[in-house]
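This report refers to the structure that appears directly beneath it.
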Amino acid sequence: MATIIRAVFTLFWLASVSFVGYLAFIVVQTEADPQLLWGWMVMCGFTMVSATFLTYNIVFGQHHKAEVPHHHVHLKNS
26 MATIIRAVFT
36 LFWLASVSFV
46 GYLAFIVVQT
56 EADPQLLWGW
66 MVMCGFTMVS
76 ATFLTYNIVF
86 GQHHKAEVPH
96 HHVHLKNS
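In structure tokens, the structure reads:
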């Protein structure tokens, strides 16, 4: 089940990055106002970073286990 979820989120990431890239391409081709162009590029950048961060956490999250606090080690031994 975890593999299916990782695959779905990877496909989501590919689709969202493709769409954001296409949107950025369209905006660069059609927008004449530099302020609006920068606004669109920043929005596309934030969207891509957030989608990448979400997908990274889903796909590679099992490798980053939290350390057990010291007092929990003593509780396990008793």
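Using this note's numbering, the letters of the sequence shown map in sequence onto residues 26 to 103.
All C-beta atoms in this analysis are idealised placements derived from N, C-alpha and C, irrespective of residue type, glycine included.
Span of the alpha helix (DSSP H), counted from its first residue to its last, around residue i
| i | result |
| --- | --- |
| Q54 | 27-55 |
| G86 | Taken as a continuous stretch (DSSP letters only), G86 belongs to no alpha helix (DSSP H), as it is neither H nor E. |
Buried versus exposed call for residue i [16 or more other C-beta atoms within 10 Å across all chains shown]
| i | result |
| --- | --- |
| A76 | buried |
Cβ-Cβ distance between residue i and residue j below 7 Å
| i | j | result |
| --- | --- | --- |
| T72 | F34 | no |
| V52 | W63 | no |
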